[in-house]
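Take a look at the structure set out below.
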Amino acid sequence: MDTWENLRAECLACQGCSLAETRTNVVFGDGAEDAEILFIGEGPGQHEDEQGKPFVGRAGKLLDDLLEMVKLDRTKVYIANIVKCRPPQNRDPLNVEQDACIDWLRRQTDLLQPKIVVCLGRIAAKAIIKKDFRITAEHGQWFEKDGVQMTAIYHPAALLRDVTKRPDTFEDMKAIQAKAKELCEHTEF
Ligand code: URA
């Protein structure tokens, strides 16, 4: 059985795909190790690669704002990514990179045992919820997998590019809060 300590140490030494050659830091994840809500992004960008923490750039600031809207913050949730190392030029992570990396997230999820999983954007939703997930049509909808409630919202970077998507995301965040109030046992709002 993993511990957070052994999992993090193993992950930080990963050479499982070629992103290991160009990364500055592995971005393992951040938040409460007993969080009931898990947010999953796509992969680190430049700032995350430099600092070794997820969502610390502009998109991260927007994610903080979204969390704050529903009285959450990084100390109450867990934030991880599909791939732990930055794809060069912030391109989408390749399937081969996602496949090489997904076991780290699976082991993180096994340790956390979250009640709710929130995918941030299309790439995470396709990897976690279903292969043919359509973010525009299906954001905010709930899917159950192995007893865990899952949903997806627009990626914060998409909300920076297109402010017209923000009202939908505010609604989705309120629905996430309602679901969390129903299912979570120790998360405080
Ligand atoms: N975008 C992501 O998907 N993840 C991060 O950690 C930062 C930006």
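Position 41 (the sequence shown) corresponds to 52 in my numbering; numbering is contiguous.
For glycine and all other residues, C-beta sits at the position ideal for the given N, C-alpha and C.
Per DSSP, reduced to three states, the secondary structure at T162 is strand. Closer than 6 Å to some heavy atom of the ligand URA: that describes the Cβ of P65. Between W115 and K95, the C-beta spacing is below 7 Å. Inclusion of R85 and L18 in the CB contact set at 7 Å is not warranted, their separation being larger than that value. Selection E108, E182 and G42 evaluated against G54 yields E108 as nearest (Cα-Cα). Judged by the Cβ position, G52 qualifies as a neighbour of the ligand URA at the 6 Å threshold, a heavy atom of the ligand being closer than this.
Excluding the 5 residues flanking it on each side, F39 has same chain C-beta neighbours closer than 7 Å at R19, C22, L23 and K95, in chain order.
When rounded, the separation of the alpha-carbon atoms in G52 and G71 is 10 Å.
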